[in-house]
Amino acid sequence: MNTLNTTLTKEDLKAKTYVCTAVPFELGKTVMTQGVASLLNRNIGASLNVYLHRHKNGDWGDTPIEDKIMNDEAT
Numbered sequence: 043m044n045t046l047n048t049t050l051t052k053e054d055l056k057a058k059t060y061v062c063t064a065v066p067f068e069l070g071k072t073v074m075t076q077g078v079a080s081l082l083n084r085n086i087g088a089s090l091n092v093y094l095h096r097h098k099n100g101d102w103g104d105t106p107i108e109d110k111i112m113n114d115e116a117t
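Residue numbers (the numbering used here): 43 to 117.
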């Protein structure tokens, strides 16, 4: 038995072996809050399309592994 792996918890092992299984999906109707609209109107240099594209293709960003897995399963 590999003694290095005996101290890993189930969560540690998931974090080290996570592979995205999300299926790309269509976003449908997309809305935003007034706060987001205000930031975009001030030309802060962010492109909302970049983040929407990442999301609809399964890039969940800086999200806990458990949430990534739930999102993957939802696709």
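For every residue, glycine included, the Cβ atom is placed at its ideal position computed from N, Cα and C.
Every value quoted in this text rests on a predicted model; they were computed, and no experiment measured them.
In this structure, Arg96 is the residue among Asp109, Ile107, Arg96, Glu108 with its C-alpha nearest to the C-alpha of Pro66.
Counting only residues of its own chain and dropping the five nearest sequence neighbours on each side, Leu90 has a CB closer than 7 Å to the CB of Leu82. If you draw a straight line from the Cα of Trp102 to the Cα of Arg84, it comes to about 26 Å. Closest in C-alpha terms to Val61, from the list Ser80, Lys110, Thr51, comes Lys110.
Excluding the 5 residues flanking it on each side, Glu68 has same chain C-beta neighbours closer than 8 Å at Lys98, in chain order. Pro106 and Glu53 have their alpha carbons spaced roughly 10 Å apart. Going by beta carbons, Thr75 and Gly100 fall outside the 8 Å limit.
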